[in-house]
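Numbered continuously in the working numbering, the first sequence closes out at residue 668. Have a look at the structure below, then the notes.
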Amino acid sequence: MRSSPIAGTSPIRVRIAPSPTGPLHIGTARTALFNFLFARHHQGTFILRLEDTDQARGSLAFEKDILDGLHTLGITWDEGPAVSGEEARGPHAPYRQMERLPLYAEAASDLLARDLVYPCYCLPDQLDADRKLAEAEHRPPRYVGRCANFTPEERKVREAASLAAALRFRVPENTLVGFDDLIRGHVEINTDALGGDFVLVRGDGSPLYHFTVVVDDVEMEISHVIRGEDHLSNTPKHILLFRAMGHEPPVFAHLPLILNPDRTKMSKRKSQTAVGDYLAQGFIREALVNYLALLGWSTGSEDEILGMDELIRRFDLDHVHQAGAVFDRERLEWLNGQWVRRLDPDELVDRLRPFLEADAVAGRIDRMPPDGQIRALVPLVRERLPTLGAITDQVGFLFVDHVAIDPAMLVPKRWDAATALDGLAAAREVIADVGRVSFEADELEPLLRSLAERRGWKAGDLFMAIRVAVTGRTATPPLFDTLVALGYEQALHRMDRAIGVLRAAASATAT
RNA sequence: GCCCCCAUCGUCUAGAGGCCUAGGACGCCACCCUUUCAAGGUGGAGAUCACCGGUUCGAAUCCGGUUGGGGGUACCA
Numbered sequence: 158m159r160s161s162p163i164a165g166t167s168p169i170r171v172r173i174a175p176s177p178t179g180p181l182h183i184g185t186a187r188t189a190l191f192n193f194l195f196a197r198h199h200q201g202t203f204i205l206r207l208e209d210t211d212q213a214r215g216s217l218a219f220e221k222d223i224l225d226g227l228h229t230l231g232i233t234w235d236e237g238p239a240v241s242g243e244e245a246r247g248p249h250a251p252y253r254q255m256e257r258l259p260l261y262a263e264a265a266s267d268l269l270a271r272d273l274v275y276p277c278y279c280l281p282d283q284l285d286a287d288r289k290l291a292e293a294e295h296r297p298p299r300y301v302g303r304c305a306n307f308t309p310e311e312r313k314v315r316e317a318a319s320l321a322a323a324l325r326f327r328v329p330e331n332t333l334v335g336f337d338d339l340i341r342g343h344v345e346i347n348t349d350a351l352g353g354d355f356v357l358v359r360g361d362g363s364p365l366y367h368f369t370v371v372v373d374d375v376e377m378e379i380s381h382v383i384r385g386e387d388h389l390s391n392t393p394k395h396i397l398l399f400r401a402m403g404h405e406p407p408v409f410a411h412l413p414l415i416l417n418p419d420r421t422k423m424s425k426r427k428s429q430t431a432v433g434d435y436l437a438q439g440f441i442r443e444a445l446v447n448y449l450a451l452l453g454w455s456t457g458s459e460d461e462i463l464g465m466d467e468l469i470r471r472f473d474l475d476h477v478h479q480a481g482a483v484f485d486r487e488r489l490e491w492l493n494g495q496w497v498r499r500l501d502p503d504e505l506v507d508r509l510r511p512f513l514e515a516d517a518v519a520g521r522i523d524r525m526p527p528d529g530q531i532r533a534l535v536p537l538v539r540e541r542l543p544t545l546g547a548i549t550d551q552v553g554f555l556f557v558d559h560v561a562i563d564p565a566m567l568v569p570k571r572w573d574a575a576t577a578l579d580g581l582a583a584a585r586e587v588i589a590d591v592g593r594v595s596f597e598a599d600e601l602e603p604l605l606r607s608l609a610e611r612r613g614w615k616a617g618d619l620f621m622a623i624r625v626a627v628t629g630r631t632a633t634p635p636l637f638d639t640l641v642a643l644g645y646e647q648a649l650h651r652m653d654r655a656i657g658v659l660r661a662a663a664s665a666t667a668t
């Protein structure tokens, strides 16, 4: 039973609230995308809030990775934190939780004044012992409430002993908390399953996730919380807090999880999870966005190549799935190829350049081709790039000073070494002749074909020998275009070298 | 353990009681195209709709149970 996608009449405000404890995760990107699409589709507001209260694990480098990654994917926010000189955007600034501490302190003292929350002096060791005991007795772990009913005097004694007090929220007993999830339908959880009174503020005064998320969602007037299903069981805690603070909870929508191949929650251990890594390998943003949108959502039709505008136009929450989806890299690669082929040629040059530059720096190629040369290669490579990073794999041989040639590969299956030598020498002369006038694919092909015909060779065999001679490989873009891309001088030079290699190998076997 | 969620080809999915002899896509296999590799085209294999029971003239679709899987259960987010 699903409620209408948009409950109430208040303006739509959604958020992505990443925690900078790691690089931008595929799952975070997908959640961000769904929130973004939902906001854009309904002319709502999309907010980025940094949940950086875990100072031990968080870092600025991760924060930058997350922001940059979202930006690269085209997931832009209407309200968000100050970044690198730029001021925070939006009426609810700041958007970084560590800069919002006074808000949490204020909310906490209010709850404390109303006795909805109480100081807890339990030590971590005690809590651990409680948990272990519960486990041994096969009881669900739950806070025993040791500090729940101290008198003011009892508290004073502990404070005098300068015991650090965490703040715990009083969870009502045996109460059903229900909500209508836009994706799951009606969900009901008994408060007894919540593990007892939970901590809102650490002993050192720093606020915890369950607390900050609610304070901020209230203050930022979030209308819809669209997040991963891993938060479903936590939702009653949040609802209790919303009510304690005198607010109706927002509408919830819990997305299915993205899964490892073994169907567990996608994790770094078992999958590549960093968006940056996919980008670095040459998956392009259009493909990533298209793929992520289709993980757990569908148009309801059979269309699947969808750009951002199209996604915004068609996105809705009621076509979101309930079951988790395995991340399938092969399908991503296919989609990436689809989008690479759709790129404007000049745009493709721009996107290819950084990959070639990186490979030049890494020494995988000896020189960086000028833009004109990359542009000329576009028709040859665009159908052969599952990722942009594959460019050097495809045509790197054009930009190296020496290609390593395996003499065995120079001899096609139907040929022997002598034929190969003969064929390469004859082809060398044909190529040399053509080049004296002009060096065009259209001219090379018929002449080399007729050479093969005259000598009774299969054209494919001759072409393969030449291919290996000039590229060192058996799989390349079309041969004649490749020869032209190589240039007359270089093509002849490589033919001569290959002939030399073959001769040397032949005499070595002879002796 | 307890609580919650989920369940259609290997994978992503279409499917809102008769349109389903369960459709599409990725991957796989063949063939066509072809100088190799791709791309493209055509075709194929691949799902007793997890299982059992019910409701109904009729169920992949509704209900109940079972099984299986996942998530949550922190002074992490």
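We treat Cβ as the ideally placed atom computed from N, Cα and C, and that holds for glycine. None of the values given here were measured: they were computed from a predicted structure.
8 Å Cβ cutoff met for residue i and residue j
i: ASP362; j: GLN438; result: In the sequence as displayed, the identity of residue 362 is Gly instead of Asp. It is not a contact, given that the beta carbons lie outside the stated cut-off.
i: LEU194; j: ILE469; result: yes
i: SER380; j: SER216; result: no
i: VAL625; j: LEU608; result: no
i: VAL171; j: ILE204; result: yes
i: VAL371; j: HIS395; result: yes
i: ASN493; j: PRO536; result: no
i: PRO297; j: ALA305; result: no
i: ILE623; j: ALA584; result: yes
Three-state secondary structure (DSSP) of residue i
i: ILE173; result: strand
i: PHE368; result: helix
i: GLU236; result: strand
i: ASN447; result: helix
i: TYR645; result: helix
i: ASP337; result: strand
i: LYS422; result: strand
i: LEU205; result: strand
i: ARG296; result: coil
i: ILE462; result: coil
i: VAL557; result: coil
i: PHE484; result: coil
i: PHE355; result: strand
i: ASN192; result: helix
i: ILE383; result: strand
i: ALA655; result: helix
i: TYR261; result: helix
i: TYR275; result: strand
i: TRP496; result: helix
Status (buried if at least 16 other CB within 10 Å, exposed otherwise) for residue i
i: PRO309; result: exposed
i: VAL148; result: The requested residue 148 does not occur in the structure, where the chain is confined to residues 158 to 668.
i: TRP496; result: buried
i: ASP285; result: exposed
i: THR421; result: exposed
i: ILE415; result: buried
i: TRP491; result: exposed
i: ALA655; result: buried
i: GLY520; result: exposed
i: ILE183; result: buried
Inter-residue Cα distance where the pair is residue i and residue j
i: GLU386; j: ALA480; result: 10 Å
i: GLY353; j: GLN254; result: 26 Å
i: GLU243; j: TRP234; result: 14 Å
i: LEU449; j: GLU443; result: 10 Å
i: PRO564; j: VAL658; result: 6 Å
i: ARG660; j: LEU578; result: 7 Å
i: ILE522; j: ASP434; result: 22 Å
i: ARG246; j: MET377; result: 13 Å
i: GLN115; j: ILE169; result: The requested residue 115 does not occur in the structure, where the chain is confined to residues 158 to 668.
i: ILE383; j: THR188; result: 7 Å
i: PRO238; j: LYS427; result: 32 Å
i: ALA186; j: LEU227; result: 7 Å
i: HIS476; j: GLU256; result: 37 Å
i: ARG139; j: LEU513; result: What the structure shows of the chain is the stretch from 158 to 668, and residue 139 is not part of that stretch, so it cannot be assessed.
i: HIS367; j: GLU487; result: 37 Å
i: PRO502; j: VAL375; result: 48 Å
i: LEU230; j: LEU351; result: 37 Å
i: ARG206; j: ALA265; result: 20 Å
i: ILE232; j: PRO281; result: 41 Å
i: SER241; j: ALA410; result: 33 Å
Residue i beta carbon near the ligand MN (any heavy atom closer than 7 Å)
i: TYR366; result: Because no ligand of any kind appears in the structure shown, any question about the ligand MN cannot be addressed here.
Original post:
Touching or not, the stretch 618-633 and the stretch 547-565, by the rule of three or more beta carbon pairs under 8 Å?
Top reply: Touching, per the Cβ criterion.
Subject >> Three or more C-beta pairs below 8 Å linking the stretch 339-359 and the stretch 313-331 >> reply: Because the criterion of three Cβ pairs below 8 Å is met, the stretch 339-359 and the stretch 313-331 touch.
**OP:** Inspect the CB distances between the stretch 594-613 and the stretch 630-644 and report whether three or more fall short of 8 Å.
**Re:** With a cut-off of 8 Å, the stretch 630-644 and the stretch 594-613 count as touching, because enough Cβ pairs lie within range.
Subject >> Cβ contact check for the stretch 326-340 and the stretch 397-411: 3 or more pairs under 8 Å >> reply: Enough Cβ pairs lie closer than 8 Å, so yes.
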